[in-house]
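Residue numbering for the sequence shown follows this note's numbering, beginning at 22 and increasing consecutively.
Scroll down for the structure; my scribbles are underneath it.
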Amino acid sequence: ENIRDVTSPACTLSASLAVPAPATCSGGLIVDCPLSTHYCPILDDNIMLFLTGPFDCSADVEAPLPDVTTSCAGGNYEVITEVVQYVNGTAVVIQTILPGEPRLITGVGIGDYVFRYTVTDDCGNTVVKECIFRVADLSEPVAICNSGLNISVGGFGLARIYAHQIDQGSYDNCGIDSILVRRVYHRDPLTCDTILQPYYSNWGPYVEFTCCDAGTYVTVELRVVDIHGNVNMCWMDVLVEDKTLPYCYNLEDTEVSCDSLPADFDPYDVAQLQALFGEPEVFDNCAAEAIEYAPVVEWSGCGNGTILRRFQAIDRVGNLSIDTFYQQIWVGSLSGYDIRFPQDVSLSCYEANPDTVQVIHNGCDSITVSYADSLAASSNGECQRIFRTYTVTNWCEWNGVTDPAVISRDENCNGLAGEEDVWVLYRLDSTFVDADSAAYNLWPLAGTKDTICDGTTNPDGYWRLANSVGAWQYTQILYVYDTVAPVVAFNEPAPVCAMDNDCEALLTYPFTVEEHCTADSLSFTVFLDAGADGLLDGDITEDVEIIGSYPLYAIRGAFPVGIHALQLHVTDGCSNTSIDSLPFEIVDCFVEAPQCYDGLIVQLMPLPPGTDIDGDGDDDIAAMLVHVEYLLENLVTEDCNMPIRYSVNRVGEEPNILQDSIYVTCDDPDLLPIEIYAWDSANNPYVIQPDGTLGGPNYSPCASTVTLQNKNSSCGLDDQVRPGVGQGETPELYQNQPNPFLKGTAIRFWLPEAGKAEIVLTDIAGKAIKRYSGFYDAGYHEIEVKAEELRGYGMYFYSLRTTNYVDTKQMIYLE
């Protein structure tokens with residue numbers, strides 16, 4: 022800091038010398054620039070900044086007080102503030118503010134200034150401090166845009182908008198340096214294609230618009246720059262229009278003769294009219310084209326009339342020309358035609374387009390060709406002889422009543438009918454029957470025609486003159502030869518299932534036939550080759566149906582199980598026959614379910630120690646072999662593939678066709694559920710076998726239950742200790758006596774100790790029919806069962822039940 026000290030007695034400085042304040046001057050006065058209390062921006066070099074006002078290019082400056090530190094008692098001091106501007110190195114005092122005066126300075130212009138503070142404290146110390154401040158214009162100008170403009174492109178498809186047309190009175194407090202504009206491009210200005218990434222034009226005094234902008238809003242931006250470089254912008258959307266209407270010109274009316282028009286001329290065909298008579302040119306400031314409406318036609322149908330073509334011009338934005346543009350076309354009538362009737366022809370059925378009538382004419386006539394065929398008897402080895410009678414009608418000439426003129430098949434009168442072409446040449450003055458298409462040449466030579474036909478011969482160049490009625494008739498003979506048999510195509514069907522013991526199945530065998538000559542005259546014969554051994558077993562045509570229509574057919578009929586073949590004979594209308602063998606297979610997919618006997622009771626027989634009778638790895642105490650025949654009520658006696666085999670297995674085990682018996686052991690429950698399967702000898706390719714493989718015999722199951730009668734005694738269960746009995750002693754149930762019985766029987770049992778016990782009688786279905794319950798002493802007991810207490814003769818079961826013991830036995834009541 023530079024300090025000017027002129028009074029301090031503690032410092033030995035000259036009163037007029039400005040020096041830095043000594044750091045050891047304890048009684049000094051310290052003055053700093055008021056940077057900490059200046060709330061406007063502080064620039065580099067500690068320059069305080071004051072901004073101009075929003076509407077004036079000057080600032081109102083509130084002069085801040087300096088930061089003062091004094092060690093003088095009381096701490097009082099006075100500040101004199103001067104606003105100084107250095108001009109060419111000379112300090113010019115603009116304003117002085119004495120202590121206590123207002124500190125607001127108005128109208129301070131843009132530039133750099135100095136606050137010169139002279140501070141004096143009560144001790145007489147005085148310090149002068151200069152602090153730089155600046156008045157600057159940092160305010161952006163106010164940019165004001167027009168809120169909406171429409172502009173129409175001019176005669177060259179161009180338009181400009183200048184900056185002053187966009188500017189709506191933009192202003193700045195100090196002054197504007199420039200106002201420029203730019204625009205956004207969404208379309209290519211040359212091709213009018215849409216741009217994927219829009220871009221801006223350069224800034225300039227104006228922006229340009231083209232026809233590509235017509236019909237769209239274009240964003241235009243206005244940029245205002247003031248004299249101090251401050252920038253502001255505004256924008257608006259300009260609607261670009263094209264109000265210039267297009268118009269058509271340069272297509273003259275015309276007159277033509279009908280013979281200059283093509284034979285297929287259609288006066289209503291706009292595309293054909295454009296190709297023949299052109300299109301108008303179109304003028305517009307922007308791109309435009311002509312649209313043609315349906316013509317107004319007055320047409321006789323015989324090559325003469327008027328055509329009024331109508332056009333309007335339309336530009337890219339949809340402006341239409343005010344007036345409709347017209348072209349008038351007059352078409353004059355001129356008639357003339359040539360007809361060539363073809364000679365007889367021999368052909369194969371494979372020739373799709375035999376020689377036919379040829380008509381040569383211009384757009385002046387409306388000529389049609391038709392024909393009718395009739396069949397005649399064949400005589401020279403041909404398959405068919407077709408008489409094809411052509412009728413050629415000029416609807417502009419024929420009166421609709423008169424019979425057609427008939428052209429002879431022997432116009433040259435040489436006795437050979439139909440051996441050459443015959444021409445009819447219609448001209449305005451004459452009609453010629455000729456050997457070629459030129460009436461005035463030297464073919465045929467005069468006198469070529471024999472006189473035996475009509476007493477006359479021919480002149481040079483044609484056979485004869487004819488009177489035209491506008492309709493002509495001629496008959497051509499087609500000799501059709503066919504030595505190719507029909508072609509049959511087929512795919513062998515998948516085997517078909519027979520689903521019952523009738524051992525037959527309905528087969529539908531599709532096939533196709535290719536026949537080029539007489540597809541509507543095909544005949545079919547079907548033979549059966551049973552067993553596909555190559556030997557035909559008979560004609561079955563009457564036993565089957567041939568369904569469908571050319572070319573898709575099918576044979577439908579019922580056939581027995583087995584591998585067979587059908588021999589199909591297909592004969593066409595020319596007696597050509599194809600023979601094809603159609604193999605097929607009917608497979609047996611059915612076997613009747615067996616009828617199971619549900620009530621088999623077996624008694625287990627003791628086995629020698631160490632015997633594993635069922636091969637499960639455990640020793641078996643007792644067992645019984647149960648054969649499948651014991652479990653069948655009735656055998657299956659009918660099947661398409663005998664013999665029938667039977668197998669047996671426990672429920673849950675995989676059935677095995679080879680397992681016709683099982684061992685029941687002590688490991689099985691008292692009531693053992695089993696399955697019995699019937700297997701035929703078929704080879705059904707569709708059936709899934711129990712092991713998951715596909716194909717094999719058909720099978721069908723039934724279910725049954727085997728009762729193990731003496732399991733407790735045979736399996737040593739009577740010797741096992743039961744909880745609560747003690748000493749290993751158990752109750753015992755004895756076989757009833759007598760058994761079987763007629764009028765009654767006695768059931769005996771033994772109890773090792775007194776207690777509650779119950780004898781329960783059940784039928785073969787397991788339903789209880791009688792109970793004998795009570796408290797019995799230890800020892801033997803006997804219960805009498807009378808026949809009338811039962812529900813008819815048959816097998817019954819009786820059970821002894823105590824608190825911890827159950828045993829069951831079987832008895833049989835005979836009628």
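Every residue, glycine too, gets a C-beta built ideally from N, C-alpha and C.
* Close beta carbons around Ala-393, own chain, < 7 Å, minus the five adjacent residues each side -> As a working mapping, residue 393 is identified with position 372 in the sequence shown. Apart from sequence neighbours up to five positions away, the residues of its chain that approach Ala-393 with a beta-carbon distance below 7 Å are Thr-410, ordered along the chain.
* Asked: Which residues in the same chain have their Cβ closer than 6 Å to the Cβ of Gln-748, if we skip the five residues on either side of it in sequence?
  -> In the sequence shown, the residue the question calls residue 748 occupies position 727. For Gln-748, the predicted structure reports a pLDDT of 36, less than 50, and the residue's modelled location is therefore unreliable. A value from the coordinates is still provided. For Gln-748, where only same-chain residues beyond five positions count, there are no Cβ hits under 6 Å.
* To do: With DSSP collapsed to three states, give me the class of Val-291.
  => Reading the sequence shown from its first residue, position 270 is the one you call residue 291. Three-state DSSP puts Val-291 in a helix.
* With 16 other CB atoms within 10 Å as the buried threshold, where does Asn-109 fall? -> On the sequence shown, position 88 is the one that residue 109 refers to. Per the 10 Å Cβ criterion, exposed.
* Exposed or buried, Gly-178, counting other C-beta atoms within 10 Å across all chains shown (16 or more means buried)? -> The residue given as residue 178 occupies position 157 in the sequence shown. When all chains shown are included, Gly-178 counts as buried.
* **Residues near Glu-313 in its chain [Cβ-Cβ closer than 6 Å; skip 5 each side]** => Translated into positions along the sequence shown, residue 313 becomes position 292. So the list reads Val-291, Phe-332, once near-sequence residues are dropped.
* Could you name the residues of the same chain whose beta carbon sits closer than 8 Å to that of Val-827, not counting the 5 residues immediately before and after it, in chain order? => As a working note, residue 827 is residue 806 in the sequence shown. Ser-820, Leu-821, listed in sequence order.
* To do: Return yes when the C-beta of Leu-763 is under 7 Å from any heavy atom of the ligand GTP, and no when it is not.
  => By its list of ligands, the structure shown contains no ligand whatsoever, and the ligand GTP lies outside what it can speak to.
* **Within-8 Å CB hit, Val-114 to chain C** => Looking at the structure shown, chain C is missing, and only one protein chain is on hand.
* Asked: Going along the chain, which unbroken runs of the beta strand (DSSP E) with 3 or more residues stay wholly within the region 116 to 202?
  -> Correct list: 125 to 130, 132 to 142, 147 to 157, 170 to 173, 179 to 183.
* Alpha carbon of Ile-622 to alpha carbon of Pro-664, nearest angstrom -> Sequence index remark: in the sequence shown, residue 622 carries index 601 (1-based). Sequence index remark: in the sequence shown, residue 664 carries index 643 (1-based). In a straight line, the C-alpha of Ile-622 is about 29 Å away from that of Pro-664.
* To do: Work out the CA separation of Ala-467 and Thr-389 for me, nearest whole Å.
  => Walking along the sequence shown from the start, residue 389 turns up at place 368. Walking along the sequence shown from the start, residue 467 turns up at place 446. Straight-line Cα distance between these residues: approximately 33 Å.
* 6 Å Cβ shell around Asp-740 - same chain, five flanking residues per side excluded -> For the purposes of this step, residue 740 is identified with residue 719 of the sequence shown, where counting begins at 1. At Asp-740, the pLDDT of 44 sits below 50, so the modelled position is not reliable and the matter cannot be decided from this model.
* **Short Cβ contact (8 Å threshold) for Pro-210 with Thr-231** => In the sequence shown, counting from the first residue as 1, residue 210 sits at position 189. In the sequence shown, counting from the first residue as 1, residue 231 sits at position 210. Taking 8 Å as the Cβ cut-off, Pro-210 and Thr-231 qualify as a contacting pair.
* Who are the near neighbours of Thr-127 in its chain, counting only those whose CB is closer than 6 Å to its CB and skipping five residues on each side? -> Indexing the sequence shown from 1 puts residue 127 at position 106. For Thr-127, where only same-chain residues beyond five positions count, the Cβ hits under 6 Å are Asp-81.
* To do: Taking Ser-387 and Cys-417 to be in contact with their CB atoms under 8 Å, please state how far apart those CB atoms are, rounded to whole angstroms.
  => The residue labelled residue 387 in the question sits at position 366 within the sequence shown. The residue labelled residue 417 in the question sits at position 396 within the sequence shown. Rounded, the Cβ-Cβ distance is 5 Å, consistent with contact.
* Return the residue from the list Ile-833, Ile-600, Glu-513, Ala-775 that minimises the CA-CA distance to Phe-545. => Position 524 of the sequence shown, counting from 1, holds the residue named residue 545. Comparing Cα-Cα distances from Phe-545 to each of Ile-833, Ile-600, Glu-513, Ala-775, the minimum goes to Ile-600.
* Just mark Gln-348 as buried or exposed, buried being the case when its beta carbon has 16 or more other beta carbons within 10 Å. => For this step, residue 348 is matched to residue 327 along the sequence shown. The residue in question, Gln-348, is buried, as its Cβ has 16 or more Cβ neighbours within 10 Å.
* Asked: Are the CB atoms of Gly-552 and His-585 nearer to each other than 8 Å?
  -> Locating residue 552 in the sequence shown gives position 531, counting from the first residue. Locating residue 585 in the sequence shown gives position 564, counting from the first residue. It is a contact, given that the beta carbons lie within the stated cut-off.
* Asked: So what does DSSP say about Leu-329, is it helix, strand or coil?
  -> The count along the sequence shown starts at 1 and reaches residue 329 at position 308. Strand.
* Helix, strand or coil: how does DSSP classify Cys-232 here? -> Indexing the sequence shown from 1 puts residue 232 at position 211. Helix at Cys-232.
* **Residues near Pro-752 by beta carbon distance below 7 Å, same chain, minus five either side** => On the sequence shown, residue 752 is found 731 positions in, with the first residue counted as 1. Answer for Pro-752: Phe-770, Trp-771, Leu-772, Pro-773, Leu-821, Thr-823, Tyr-826, listed in chain order.
* Where Asp-305 sits in the DSSP three-state scheme -> As a first step, residue 305 must be located in the sequence shown, where it is residue number 284. Of the three classes helix, strand and coil, the one that applies to Asp-305 here is coil, per DSSP.
* Asked: Could you check where the beta strand (DSSP E) with Asn-670 kicks off and where it finishes?
  -> On the sequence shown, position 649 is the one that residue 670 refers to. Counting along the chain, the beta strand (DSSP E) containing Asn-670 begins and ends at 666 to 671.
* Closest residue to Val-100 among Leu-125, Val-140, Ile-131 (Cα-Cα distance) -> Here residue 100 corresponds to residue number 79 of the sequence shown, with the count starting at 1. That would be Val-140, whose Cα lies nearest to the Cα of Val-100.
* Asked: Between the C-alpha atoms of Val-156 and Asp-133, what's the straight-line distance to the nearest angstrom?
  -> If you number the sequence shown from 1, residue 156 lands on position 135. If you number the sequence shown from 1, residue 133 lands on position 112. Approximately 6 Å, taken between the alpha carbons.
* To do: Please list, in chain order, all residues of the same chain as Leu-527 whose beta carbon is under 6 Å from its beta carbon, the five residues on each side excluded.
  => Here residue 527 corresponds to residue number 506 of the sequence shown, with the count starting at 1. Only Ala-579 meet the Cβ criterion.
* Which class does Gly-583 belong to by DSSP, given the choice of helix, strand or coil? -> On the sequence shown, residue 583 is found 562 positions in, with the first residue counted as 1. Of the three classes helix, strand and coil, the one that applies to Gly-583 here is strand, per DSSP.
* Taking just the CA atoms, how far does Asn-731 sit from Tyr-693? -> To locate residue 693, count along the sequence shown from 1; it is residue 672. To locate residue 731, count along the sequence shown from 1; it is residue 710. One detail in the question is off: residue 693 reads as Leu in this sequence, not Tyr. Distance from the CA of Leu-693 to the CA of Asn-731, rounded to the nearest whole angstrom, comes to 14 Å.
* For Thr-728, which beta-bridge partners are listed by DSSP? -> Position 707 of the sequence shown, counted from the first residue, corresponds to residue 728. DSSP lists Ile-622, Leu-692 as partners of Thr-728.
* Asked: For the putative contact between Ser-725 and Glu-613, defined by C-beta atoms under 8 Å, what is the C-beta separation to the nearest angstrom?
  -> If you number the sequence shown from 1, residue 725 lands on position 704. If you number the sequence shown from 1, residue 613 lands on position 592. Going by Cβ atoms, the distance from Ser-725 to Glu-613 rounds to 17 Å, so no, they are not a contact pair.
* To do: Just mark Ser-310 as buried or exposed, buried being the case when its beta carbon has 16 or more other beta carbons within 10 Å.
  => Residue numbering aside, residue 310 sits at position 289 when the sequence shown is read from its first letter. It should be noted that the sequence gives Glu, not Ser, for residue 310. Exposed: under 16 other Cβ atoms inside 10 Å.
* Met-832 to Val-657, Cα distance in whole Å? -> Along the sequence shown, one-based indexing puts residue 832 at 811. Along the sequence shown, one-based indexing puts residue 657 at 636. Answer to the nearest angstrom: the Cα atoms are 31 Å apart.
* To do: Closer than 7 Å by C-beta to Ala-164: which residues in its own chain qualify, once you throw out the five before and the five after it? Chain order, please.
  => Position 143 of the sequence shown, counting from 1, holds the residue named residue 164. Cβ neighbours of Ala-164 beyond the five flanking positions: Ser-191, Leu-243, Val-245, Asn-253, Met-254, Cys-255.
* Asked: Out of curiosity, what's the CA-to-CA distance linking Glu-654 and Cys-723?
  -> Taking the sequence shown and counting its residues from 1, the one referred to as residue 654 is at position 633. Taking the sequence shown and counting its residues from 1, the one referred to as residue 723 is at position 702. One C-alpha to the other measures close to 11 Å.
* **Per-residue DSSP class, three states only, for Tyr-16** => An answer regarding residue 16 cannot be provided, because it is not within the stretch 22 to 836 covered by the chain.
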